[in-house]
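Novice: Residue numbers (the working numbering), protein chains in the order written: chain V, 1 to 141; chain S, 142 to 289. Glycine residues also receive a C-beta, built at the ideal position from the N, C-alpha and C atoms. Keep in mind the model is a prediction, meaning the values are calculated, not measured.
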């Protein structure tokens, strides 16, 4: 069972907030990962290089964590390969169609009091909770 | 140059936040979404703390006339709650609930998540490309320019 860890969760949340503020204060941009990812991979233009650097930071962060703590963070992914592929396709396509994910709509949008982002967060949280409930029923848990 | 360095630092700090908070652990995320079962509300504290810092920090940042390394602040100007937003959010939420990874953690988990994490990122990349190459992507949303 998953343990309740409010302190480490809040500490991590503070860092995510600091990152979003840094990107706004220095580059004037929203820290939305799905848009940054798409922009770095598939668009051309002057924004491509800073987006790629942001993603390099995102990918490299666990190495710093490992240097400090001496261990890799817990990672437990139970989904089978077909579900992983289906989930990845849904997340990739859905975040682009809906113009954002947990970071862009969640952190950045909600903090700007964007009603559009509030709607998006309510919908994807509900869809996620519904999917977990349905998966558990399907597995007979 | 400055833009790239600040983005690299922001990315590192973001990734550390995802790692420390365990947003990068699919089992933890699924336990957070399991509100009808053995709900673990931890990740609500990630969002709560991130929101508090960002809400205050954005307003401090916007006191300047412009960002340090750019000409203007760019925030999404689209306010419409349209069918694309609703459908996209449903699809994203379904995928998130199926596996327990969203885009940020999918990237941060690459170095320690092994083949399952790589498979997820590969599929996510294909999903992203499917949208970006589709007619749906043609009308991109304009960014409003916020000055001061």
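1. In three-state DSSP terms, what is residue 289(S)?
2. Taking a contact to mean a Cβ-Cβ separation below 8 Å, would you say residue 97(V) touches residue 229(S) in this structure?
3. So which residues on chain S does residue 145(V) lean against when the C-beta distance must stay under 7 Å?
4. Give the DSSP-derived three-state secondary structure of residue 214(S) in the structure shown.
5. Counting only beta-carbon atoms, is residue 31(V) nearer than 8 Å to chain S?
6. Looking only at its chain, what residues have a beta carbon closer than 6 Å to the beta carbon of residue 242(S), apart from the 5 residues adjacent to it on each side?
7. Which whole runs of the alpha helix (DSSP H) in the segment 5-38 of chain V are 4 residues long or more, in chain order?
8. Determine the DSSP secondary structure at residue 133(V), reduced to helix, strand or coil.
9. Taking 8 Å as the cut-off, decide whether the C-beta atoms of residue 100(V) and residue 34(V) are in contact.
10. My understanding is that residue 191(S) touches residue 181(S), with C-beta atoms under 8 Å, so please give their C-beta distance in whole angstroms.
11. Specify whether the segment 54-74 of chain V and the segment 252-266 of chain S touch according to this definition: at least 3 beta carbon pairs, one from each stretch, less than 8 Å apart.
12. Starting from residue 264(S), trace the alpha helix (DSSP H) in both directions and tell me its first and last residue.
13. In three-state DSSP terms, what is residue 203(S)?
14. For residue 160(S), does the three-state DSSP call read helix, strand or coil?
15. Leaving out the 5 sequence neighbours to the left and right, which residues in its chain are closer than 7 Å to residue 174(S) when beta-carbon positions are compared?
16. Determine, for residue 139(V), whether the minimum Cβ-Cβ distance to residues of chain S falls below 8 Å.
17. Against residue 152(S), what residues of chain V qualify as contacts under a CB-to-CB distance less than 7 Å, listed in chain order?
18. With 16 as the cutoff for other CB atoms within 10 Å, does residue 95(S) come out buried or exposed?
19. Count the other C-beta atoms from every protein chain shown that fall within 10 angstroms of the C-beta of residue 80(V), then say buried if there are 16 or more, exposed otherwise.
20. With a threshold of 8 Å on Cβ separation, who are the neighbours of residue 120(V) within its own chain once the five nearest residues in sequence on each side are excluded?
Specialist: Per the coordinate set shown:
1. Low per-residue confidence applies at residue 289(S): pLDDT is 42, beneath 50, and the placement is therefore not dependable enough to give any value.
2. yes
3. Within the shown structure, residues of chain V are numbered from 1 to 141, placing residue 145(V) beyond reach of any answer.
4. strand
5. yes
6. 167 and 261
7. 6-22
8. helix
9. yes
10. Not a contact, Cβ separation roughly 18 Å.
11. yes
12. 255-274
13. coil
14. helix
15. 238
16. no
17. 53, 54, 55, 56, 57 and 58
18. Residue coverage of chain S in this structure runs from 142 to 289, which leaves residue 95(S) outside it and unanswerable.
19. exposed
20. 98, 99, 100, 105 and 109
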